[in-house]
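See below for the structure under consideration.
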Amino acid sequence: MKLSQVTNCLKDSGEMDLLVDPEITGVEMDSRKVGKGSLFVAIKGFQADGHQFIGQAIENGAAAIVGEDDLELDVPYLKVADSRTSLGKLASCFFGRPSRKHKIIGITGTNGKTTTSYILKHILETAGRTCSLLGTVSNVINNKEYKTNNTTPDALQIQKMLSRSMDEFVVMEISSHALEQSRTEGLELDYGLFTNLAHDHLDYHENMEQYFYDKKKIFTLLKEGGRGIINLYNSWGEKMAEEMQKEKVPLIMLGDEKCCSIKDVAIKGKTVFILEMEGHTFEIEFPLPGYHNVYNAAMAFLTGIDLGIDPADMIRALASFPGIPGRFETVFHPAGAKFVVDYAHTVDAFEYCLETAREQRAERIFQIYGFRGGRDLSKRVDMIKASAKYCHKFYLTADDLNDESEDEMISQLHLLNKEFGCKKGEVIPDRTLAIQKAWQEARENDWIFITGKGPEAYQKPFALPAESDLETLKLLLESGRKQAVL
Numbered sequence: 001m002k003l004s005q006v007t008n009c010l011k012d013s014g015e016m017d018l019l020v021d022p023e024i025t026g027v028e029m030d031s032r033k034v035g036k037g038s039l040f041v042a043i044k045g046f047q048a049d050g051h052q053f054i055g056q057a058i059e060n061g062a063a064a065i066v067g068e069d070d071l072e073l074d075v076p077y078l079k080v081a082d083s084r085t086s087l088g089k090l091a092s093c094f095f096g097r098p099s100r101k102h103k104i105i106g107i108t109g110t111n112g113k114t115t116t117s118y119i120l121k122h123i124l125e126t127a128g129r130t131c132s133l134l135g136t137v138s139n140v141i142n143n144k145e146y147k148t149n150n151t152t153p154d155a156l157q158i159q160k161m162l163s164r165s166m167d168e169f170v171v172m173e174i175s176s177h178a179l180e181q182s183r184t185e186g187l188e189l190d191y192g193l194f195t196n197l198a199h200d201h202l203d204y205h206e207n208m209e210q211y212f213y214d215k216k217k218i219f220t221l222l223k224e225g226g227r228g229i230i231n232l233y234n235s236w237g238e239k240m241a242e243e244m245q246k247e248k249v250p251l252i253m254l255g256d257e258k259c260c261s262i263k264d265v266a267i268k269g270k271t272v273f274i275l276e277m278e279g280h281t282f283e284i285e286f287p288l289p290g291y292h293n294v295y296n297a298a299m300a301f302l303t304g305i306d307l308g309i310d311p312a313d314m315i316r317a318l319a320s321f322p323g324i325p326g327r328f329e330t331v332f333h334p335a336g337a338k339f340v341v342d343y344a345h346t347v348d349a350f351e352y353c354l355e356t357a358r359e360q361r362a363e364r365i366f367q368i369y370g371f372r373g374g375r376d377l378s379k380r381v382d383m384i385k386a387s388a389k390y391c392h393k394f395y396l397t398a399d400d401l402n403d404e405s406e407d408e409m410i411s412q413l414h415l416l417n418k419e420f421g422c423k424k425g426e427v428i429p430d431r432t433l434a435i436q437k438a439w440q441e442a443r444e445n446d447w448i449f450i451t452g453k454g455p456e457a458y459q460k461p462f463a464l465p466a467e468s469d470l471e472t473l474k475l476l477l478e479s480g481r482k483q484a485v486l
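Quick look at the structure:
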């Protein structure tokens, strides 16, 4: 593809004096990956400035450069106002606008992105359709699974994966970080789903209003004729719907007195509820417990209806949903207690889990979790308050420290627990030993939640020879009901 064809998508970004119009063999943002004929996009990043590596990119064979600074180079150079936003557009153009080859469903929200995306994938595949998945747990393209580093990949990777996918549908999680950092530039959505908003990531976003504003950007990605689907069973969803209606974005809304509403929820082992939609009534059984999963299943069902999927196929798919790694994964203790591994890491997500245990008439509720170092400090107090409200006992651990020292983290855990733990909390820095203690104390009809990490591997070695929460539980189960072998 000629350079002029690749840069055609940047009509308003600048002028390039094309005395030559070289053939472009690829688009890169990492100078180390540049080869002969590459178009190198110099981005001013959070840790390094790509402009410093333009020389290396040219040495490696770059045929042209895109950047923000005033430069004179021996290869064609296009100056743009923002290299980061230009990258996705250039990549989309180079790969032949791959968004238009698929039906693409983007999902944003504080909680529910992963679960809703997996439900949608399962619905589509049960109905005989093919579906790629891009998200927190893994990326699945053409039925092959790949590891993932971020909830939403960078703009270049998104376009590469879309171009590689031969699947009819692509379902992807879209984080607020990705929207704010322009990682979604060049992406075009058929549907944008908004699940909810809760206190999270305020170490990054200035406040809840800014967090909301960044989430709102998903609706700027809609294709012509694309639709937004919004869950109104939370106040931020109502606010989002009001703003989108003012901007005349076509909407489908889940909420009382709207086109689709939830009725008669019963959570007893399995979840059963009624969806009323435009004069039709659908009774749905779903194996994951909790009101939050009712909303996730309903959002997926609503999307499927608009896609033209047979409701009978969707009802069958929801009833047979196999679950998700690290999302309400359950291990049964020999004494009859239930251990649940879940990714929950916000106050709302905590309450969803703990309320579910109450609804299932748990005898006692325990919880094990830690705080991620260097992350939103403002939510820690409310997380401990939620645990103190619902739990018989909870254990605070020191893991995923990032740049925070372990001594500082442990000191803060003790302080927060003393002030807000209502004498129900205990600090056990080693996460595996905290799980072991809960295992030893468990008895019939107890629910024990191990939250915050889901399927993620531990970042440091602990006392028990396990690499994740689920592995720790399996070790304890295999080693005996009361005591693990160290």
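Note that full-length UniProt numbering has the sequence shown beginning at 1, numbered continuously upward. Where is the CB? At the ideal position from N, CA and C, for every residue including glycine.
> Which one of A266, M240 and M253 has the shortest CA to CA distance from residue 567?
Replying inline: The structure shown has nothing for residue 567, since the chain only spans 1 to 486.
> Does the stretch 328 to 344 come close enough to the stretch 445 to 456 to have 3 or more Cβ pairs within less than 8 Å?
Replying inline: yes
> C422 to K389, Cα distance in whole Å?
Replying inline: As a working mapping, residue 422 is identified with position 422 in the sequence shown. As a working mapping, residue 389 is identified with position 389 in the sequence shown. Between C422 and K389, the C-alpha separation is close to 9 Å.
> Rounded C-beta distance between G370 and A398? I'm assuming under 8 Å.
Replying inline: Counted from its first residue, the sequence shown places residue 370 at position 370. Counted from its first residue, the sequence shown places residue 398 at position 398. Confirmed, Cβ separation roughly 6 Å.
> Can you tell me where the alpha helix (DSSP H) with M29 in it begins and where it stops?
Replying inline: Residue numbering aside, residue 29 sits at position 29 when the sequence shown is read from its first letter. Careful: M29 lies outside any alpha helix (DSSP H) and carries neither H nor E.
> What are the uninterrupted segments assigned as beta strand (DSSP E) that are 3 or more residues long and contained completely in the stretch 146 to 200, given in chain order?
Replying inline: The qualifying runs are 169 to 173 and 189 to 194.
> With a Cβ-Cβ cutoff of 7 Å, do D190 and I107 count as a contact?
Replying inline: Counting from one through the sequence shown, the residue named residue 190 turns up at place 190. Counting from one through the sequence shown, the residue named residue 107 turns up at place 107. For D190 and I107, no; Cβs fall outside 7 Å.
>> Taking a contact to mean a Cβ-Cβ separation below 7 Å, would you say E188 touches K223 in this structure?
In response: Within the sequence shown, the letter at position 188 stands for residue 188. Within the sequence shown, the letter at position 223 stands for residue 223. Yes, the Cβ-Cβ distance between E188 and K223 is below 7 Å.
>> On a Cα-Cα basis, can you pick out the residue from H392, E406 and L10 that is closest to A442?
In response: The count along the sequence shown starts at 1 and reaches residue 442 at position 442. Nearest option by C-alpha distance: H392.
> How is V6 classed by DSSP in three states: helix, strand or coil?
Replying inline: For the purposes of this step, residue 6 is taken as the residue at position 6 of the sequence shown. Here V6 sits in helix by DSSP.
> For R364, which three-state DSSP category applies?
Replying inline: In the sequence shown, the residue the question calls residue 364 occupies position 364. Strand at R364.
>> Below 8 Å, how does it come out for the stretch 421 to 441 and the stretch 303 to 316: are there three or more Cβ pairs, yes or no?
In response: no
>> Short of 6 Å in beta carbon distance, which residues of its chain neighbour L413, apart from the five on each side in sequence? Order them along the chain.
In response: Within the sequence shown, numbered from 1, the residue matching residue 413 stands at position 413. Hits under 6 Å: L396 and V427.
>> Using CA atoms only, rank isn't needed, just tell me which of S92, I274 and E23 is closest to V265.
In response: Counting from one through the sequence shown, the residue named residue 265 turns up at place 265. Nearest of S92, I274 and E23 to V265, Cα basis: I274.
>> I believe L3 touches L39 by the beta-carbon criterion, under 8 Å. Please report the beta-carbon distance rounded to the nearest angstrom.
In response: Locating residue 3 in the sequence shown gives position 3, where the first residue counts as 1. Locating residue 39 in the sequence shown gives position 39, where the first residue counts as 1. That belief holds up - the Cβ atoms of L3 and L39 are roughly 7 Å apart, short of 8 Å.
> How would you write the range of the alpha helix (DSSP H) that L90 sits in, first residue to last?
Replying inline: Here the question's residue 90 lines up with position 90 in the sequence shown. Unbroken alpha helix (DSSP H) run through L90: S83 to F94.
> Which first and last residues belong to the alpha helix (DSSP H) in which M208 is found?
Replying inline: Here residue 208 is taken as the residue at index 208 of the sequence shown, counted from 1. Its alpha helix (DSSP H) spans residues M208 to K216.
> Looking at the structure shown, is K36 part of a helix, part of a strand, or coil, going by DSSP?
Replying inline: As a working mapping, residue 36 is identified with position 36 in the sequence shown. It is coil, neither helix nor strand.
> Between the C-alpha atoms of K437 and D446, what's the straight-line distance to the nearest angstrom?
Replying inline: By one-based count along the sequence shown, residue 437 stands at place 437. By one-based count along the sequence shown, residue 446 stands at place 446. One C-alpha to the other measures close to 14 Å.
> What does a CB cutoff of less than 8 Å around E406 pick up in its chain, not counting 5 residues either side in sequence?
Replying inline: As a working note, residue 406 is residue 406 in the sequence shown. The residues are A398 and P429.
> What do you get for M29, buried or exposed, if any count of 16 or more other CB atoms within 10 angstroms of its CB means buried?
Replying inline: Along the sequence shown, one-based indexing puts residue 29 at 29. The residue is buried, with at least 16 neighbouring Cβ atoms inside 10 Å.
> Expressed to the nearest angstrom, what Euclidean distance is found between the alpha-carbon atoms of A238 and N231?
Replying inline: Here residue 238 is taken as the residue at index 238 of the sequence shown, counted from 1. Here residue 231 is taken as the residue at index 231 of the sequence shown, counted from 1. A small fix is needed here, since residue 238 is Glu in this sequence, not Ala. A straight line joining the alpha-carbon of E238 with that of N231 spans about 8 Å.
> Starting from I435 and walking both ways along the alpha helix (DSSP H), at which residues does that stretch end?
Replying inline: Along the sequence shown, one-based indexing puts residue 435 at 435. R431 to E441 is the extent of the alpha helix (DSSP H) around I435.
>> Three or more C-beta pairs under 8 Å: does that hold for the stretch 114 to 122 against the stretch 152 to 159?
In response: Counting C-beta pairs with one atom in each stretch, the stretch 114 to 122 and the stretch 152 to 159 have fewer than three that are closer than 8 Å, which means they do not touch.
> Hey, how far is the Cα of C9 from the Cα of K89?
Replying inline: On the sequence shown, residue 9 is found 9 positions in, with the first residue counted as 1. On the sequence shown, residue 89 is found 89 positions in, with the first residue counted as 1. Distance between the alpha carbons of C9 and K89: 6 Å.
>> With a threshold of 6 Å on Cβ separation, who are the neighbours of G304 within its own chain once the five nearest residues in sequence on each side are excluded?
In response: Indexing the sequence shown from 1 puts residue 304 at position 304. Cβ neighbours of G304 beyond the five flanking positions: I123 and M314.
> How should F301 be labelled, buried or exposed, when 16 other C-beta atoms within 10 angstroms of its C-beta is the threshold for buried?
Replying inline: Numbered from 1 along the sequence shown, position 301 holds the residue referred to as residue 301. That one is buried.
>> To test your reading of the DSSP string, which unbroken beta strand (DSSP E) runs of 3 or more residues are found completely within the stretch 219 to 244?
In response: Fully enclosed beta strand (DSSP E) runs of 3 or longer: 222 to 231.
> What did DSSP end up calling K270 once you bin it into helix, strand or coil?
Replying inline: One-based indexing of the sequence shown puts residue 270 at position 270. In the structure shown, K270 sits in a strand (DSSP, three-state: E or B).
>> What residue range does the beta strand (DSSP E) around T281 cover?
In response: For the purposes of this step, residue 281 is identified with residue 281 of the sequence shown, where counting begins at 1. Counting along the chain, the beta strand (DSSP E) containing T281 begins and ends at H280 to F286.
> Straight-line CA distance for residue 487 to V272?
Replying inline: The requested residue 487 is not part of the displayed model; the chain covers only 1 to 486.
> Run through DSSP, which three-state label would G326 get?
Replying inline: Locating residue 326 in the sequence shown gives position 326, where the first residue counts as 1. In this structure, G326 counts as coil in the three-state DSSP scheme.
> Around the C-beta of Q52, are 16 or more other C-beta atoms found within 10 angstroms, so that it is buried, or is it exposed?
Replying inline: Start at 1 with the first residue of the sequence shown, and residue 52 comes out as number 52. So Q52 counts as exposed.
> Does the separation of the CB atoms of S138 and D167 fall below 7 Å?
Replying inline: Reading the sequence shown from its first residue, position 138 is the one you call residue 138. Reading the sequence shown from its first residue, position 167 is the one you call residue 167. Their beta carbons are not under 7 Å apart, which means S138 does not touch D167 by this criterion.
> Are A335 and E444 closer than 7 Å when you measure CB to CB?
Replying inline: The sequence position of residue 335 within the sequence shown is 335, counting from 1. The sequence position of residue 444 within the sequence shown is 444, counting from 1. In contact: A335 and E444 (Cβ atoms closer than 7 Å).
> Roughly how many angstroms lie between the CA atoms of L71 and V41, to the nearest whole one?
Replying inline: Start at 1 with the first residue of the sequence shown, and residue 71 comes out as number 71. Start at 1 with the first residue of the sequence shown, and residue 41 comes out as number 41. One C-alpha to the other measures close to 14 Å.
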